[in-house]
Amino acid sequence: MGYAEVYAAAKSDPEGFWMEQAKAIDWDEAPTKALHDANAPLYEWFKDAKVNTCYNAVDRHVENGRGDQAAIIYDSPVTDTKETITYAELQKRVSSLAGALKAKGVTKGDRVIIYMPMIPQALEAMLACARLGAIHSVVFGGFAANELAVRIDDATPKAIIAGSCGIEPGRVVQYKPLLDGAIELATHKPDFCVIYQREPEIAPLTPGRDFDWHEVQSDVAPADCVPVEGDHPAYILYTSGTTGAPKGVVRPTAGHLVALNWSMKAIYNIDPGEVFWAASDVGWVVGHSYICYGPLIAGNTTIVFEGKPVGTPDAGTFWRVIDEHKVKSFFTAPTAFRAIKRDDPEGKLIENYDISHLRALYLAGERADPDTIEWAQRVMGVPVYDHWWQTETGWSIAGNPAGIEPLPVKIGSPTVAMPGYDVQILDEAGHPMPAGELGAIAVKLPLPPGTLPTLWNAEERFKKSYLNTFPGYYETGDAGMIDEDGYLYIMARTDDVINVAGHRLSTGQMEEVIAGHPDVAECAVIGVTDALKGQLPMGFVCLNKGCDRADDMIKAEVVKRVRDTIGPVAAFKLVAVVDRLPKTRSGKILRATMVKIADNEEFKMPATIDDPAILDEIKEALVPMGYAGA
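Structural data, given as structure tokens:
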């Protein structure tokens, strides 16, 4: 069956399609039904099943004779450490840690916050929670104490598992003082903490509350897997909300297992035993789905990489990892490739490595501009597949189903909707738009398995955030269009569609045009307030390393490109050359914050910001253009 047949089968008979995919999971009690719609528009999948995620990700592979296969390869250029952990070793480690948590009173349904760097122990902690039926919530290591406190109060964890520190290029980030500060700030107090001590920073433990990772596991019996109901939350993952208060996305156990297992072959074209690498962090949804759970459930080898695309030690580090560990399928964010391209515009460093076994590169997390895709295709010599999904969905809404039937790549499009997602473009009144017209991207309910059924302790907020704008649909918050071939184009977040003198324009489309300039490494376009036209587009560009041309010349060329491609209607005249753009740690550009700075509005410092100092640099660039309170 090709893509069209598979998609049609999932649409015409979702019950039959997903029950068939469920056969690939090892159930304690198999589901008798896929979709449960009694509580619509709150839908649930495989609710009557009993299953354990850790068993499916670890134990079954050992029982099926794969115990000696590598489960995790840890590669840390920042500590000069490499380690391979087999499935059999992983089973011992995870059951031991789960035994320690169980001995301290952690049981099914309890929440456990995990605050760890990119080390194998982070995955072990996640799997140990899943083994017991405890609900983990991973918080990005190094998050500020106040942000961690907010999550402690929302999730009310029985325990917190933390690393003593994180290691960044050239610096050590102490986690323990941040953890102590968060617990002090939080109203809810955990019963205990488990601290994994790392050599660069042995943290002092609080007597009676904190326990050493190794010591707490001595003299305890390893824990068995605890079966949970199909709708039992596997984890809570907090994503930023428009109100500033984070939203706790709930991931249901059974649907998560079925969807991720299906996606590993269908989307990423990876078979059991092969090496899959997602260069992300366990603090993000990509780290949950495609560093920890997806590859392990499918019996792959997953890579835990503690480093950066550049600077650890250079812009060839990705090529080294792909070469050394024989990576077959590679997934990262476009921003990582922009960083590599900026440091090594000609792609010379790849010549030192053999990446011939790599089948494809997958990009997600930010819009993949055509220039970056074309550069990656040229340098790497493999297909480059953009795909689009969200923290809320947990896996691809749209992608290229390379394991079913690789479809022709249209640069600028994440290709087509995946089975289970009925993606539609709606106008403001909720009516479907014709092909090629820009509108709000929504998904007809029900969403497929593995997607969020609700928010943690916030059902009304869930409905208000996602379901109320377009009744019968899930609102993605993105704007875009679908062409005559059914290819989806993500043009911007809904709030990044700007209105210039009555014309609705996509800032994302302008970014694509600017990114095509040969001297531009990276760019962002925002809409700023204008008394005459309502809004005006404003561009920020970062230049390639070694570019010695005058800024004013490049700015004039960028303005001309937008005018020639989109037209005078864009009224694009404001451009600033900057060294870097403000981003989250996952690489998303903080456009909404930049808008607030430009319009001289108050803003809340984003919890996920990589370097707050960049915002001052943006303000300095805005003032000469008459913005940021000038």
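The numbering of the sequence shown is the numbering used here, which starts it at 66 and goes up by one. Ideal Cβ positions, reconstructed from N, Cα and C, are used throughout, including at glycine.
Cα atoms of Y531 and T541: separation of roughly 7 Å, rounded to the nearest angstrom.
For K169, no alpha helix (DSSP H) run applies, since DSSP gives it neither H nor E. Under DSSP, Q239 forms a beta bridge with C230. Counting along the chain, no beta strand (DSSP E) covers R432, and no H or E run does either. The region 595-611 and the region 643-656 touch, with three or more beta-carbon pairs separated by less than 8 Å. Secondary structure note for F370: its beta strand (DSSP E) is the uninterrupted segment T366 to F370.
Leaving aside the five residues that flank A190 on each side, the residues in its chain whose CB is nearer than 6 Å to its CB run, in chain order, I179 and I226. In its chain, beyond the 5 residues on either side, I179, V347 and G348 have a beta carbon closer than 6 Å to the beta carbon of V203. The Cβ neighbour count for D613, taken over all protein chains shown within 10 Å, is under 16; the residue is labelled exposed. Taking every protein chain shown into account, the CB of N104 has fewer than 16 other CB atoms within 10 angstroms, so this residue is exposed. Taking C-beta atoms under 8 Å as the contact rule, V315 and L570 fail to qualify, at a distance of about 36 Å. In the structure shown, the three-state DSSP call for Y72 is helix. Around the beta carbon of K173, fewer than 16 other beta carbons lie within 10 angstroms, which makes this residue exposed.
Boundaries of the beta strand (DSSP E) harbouring E148: T146 to T151, taken from the DSSP string. Looking only at H390, G381, K391 and A425, the smallest Cα-Cα distance to D408 is reached by G381. Going by beta carbons, G485 and P513 fall inside the 7 Å limit. Beta-bridge analysis with DSSP links Y554 to M546. In the structure shown, Y358 adopts helical secondary structure according to DSSP, grouped into three states.
Contact annotation: A87 and V291 have beta-carbon atoms that are not nearer than 7 Å.
The beta-bridge partner set that DSSP reports for P374 is empty.
Assigned with DSSP and collapsed to three states, T630 falls in helix.
Counting only residues of its own chain and dropping the five nearest sequence neighbours on each side, Y552 has a CB closer than 8 Å to the CB of K475, S478, T480 and V481. CA-to-CA, the gap between W278 and C119 works out to about 20 Å.
Here DSSP, grouped into helix, strand and coil, assigns T649 to strand. For G691, the closest of T649, V627, I462 and M603 by C-alpha to C-alpha distance is M603. Nearest to H321 by alpha-carbon distance, out of G515, E264 and D550, is G515. Unbroken alpha helix (DSSP H) runs of no fewer than 4 residues, entirely contained in the region 78-153, are found at 79-86, following chain order.
In the three-state reduction of the DSSP assignment, H201 falls in the strand class, which pools E and B. The beta-bridge partner set that DSSP reports for V474 is empty. Of the other Cβ atoms in all chains shown, 16 or more fall within 10 Å of the Cβ of T366; this residue is therefore buried.
Within the same chain, Cβ atoms closer than 8 Å to the Cβ of A209 are found at L243 and A672, the five residues on either side in sequence being excluded. A657 is the residue among A657, D629, I619 and D617 whose C-alpha sits nearest the C-alpha of G592. For M603, the uninterrupted beta strand (DSSP E) segment begins and ends at G599 to L608.
Contact check for T318 against V351 fails: the beta carbons are separated by 7 Å or more. Straight-line measurement puts the Cα of G372 at about 15 Å from the Cα of H390. Spatial neighbours of W521 in its own chain (CB-CB distance under 6 Å, excluding positions within 5 residues in sequence) are listed in chain order as I301, G313 and V315.
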